[in-house]
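Trainee: In full-length UniProt numbering, the protein residues as written are 1 to 156. Please find one structure pasted underneath; my questions will follow.
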């Protein structure tokens, strides 16, 4: 379900889909909004794909989105791809909000550092060698594999 995305956009039957955040900012000070956000889309066609609306949130309202997602009464399934990927990589919403608030981008975050858990069944294995290894996930494996292939760049 796309409750998170749909909450941020006004979907009326007889009008285009409008970003609520942009609409509020524009209503407060139209001249300032128009000067600062020249060419900024706040209206979308009724049948605009959710991915386009998610891109709008990522680009213009990520901090607001994270603030809303952190509210206790919000039980959203996160649909904004960038945020979803970061959570899959081990980051919490609070950590992401803090990073965005400090002006950090979320697109190329490293895997989240993890606290190693002791491997009780390993007897002779030195677990200190694996202290920085994140837990396995298919998403992280694919991302790491792509990064390796791009970085390795060997000719055939």
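Positions of the beta carbon are idealized from the N, C-alpha and C atoms, including for glycine.
1. Whose C-alpha, out of 143, 69 and 44, is nearest the C-alpha of residue 3?
2. Please return the same chain residues whose Cβ sits closer than 7 Å to the Cβ of residue 46, not counting the five positions on each side in sequence.
3. Can you grab the Cα-Cα spacing for the pair residue 149 / residue 27, in whole Å?
4. Report the option in 32, 54 and 101 whose CA atom is closest to the CA atom of residue 9.
5. For residue 143 and residue 35, I'd like the C-alpha separation in whole angstroms.
6. Using DSSP's beta-bridge definition, name the partner residues of residue 141.
7. Which partner residues does residue 44 have in the DSSP bridge list?
8. Locate the alpha helix (DSSP H) running through residue 67, then write down its first and last residues.
Mentor: With the structure as the only source:
1. 69
2. 16 and 17
3. 48 Å
4. 54
5. 39 Å
6. Answer is none; residue 141 lacks a bridge partner.
7. 17
8. 62-70
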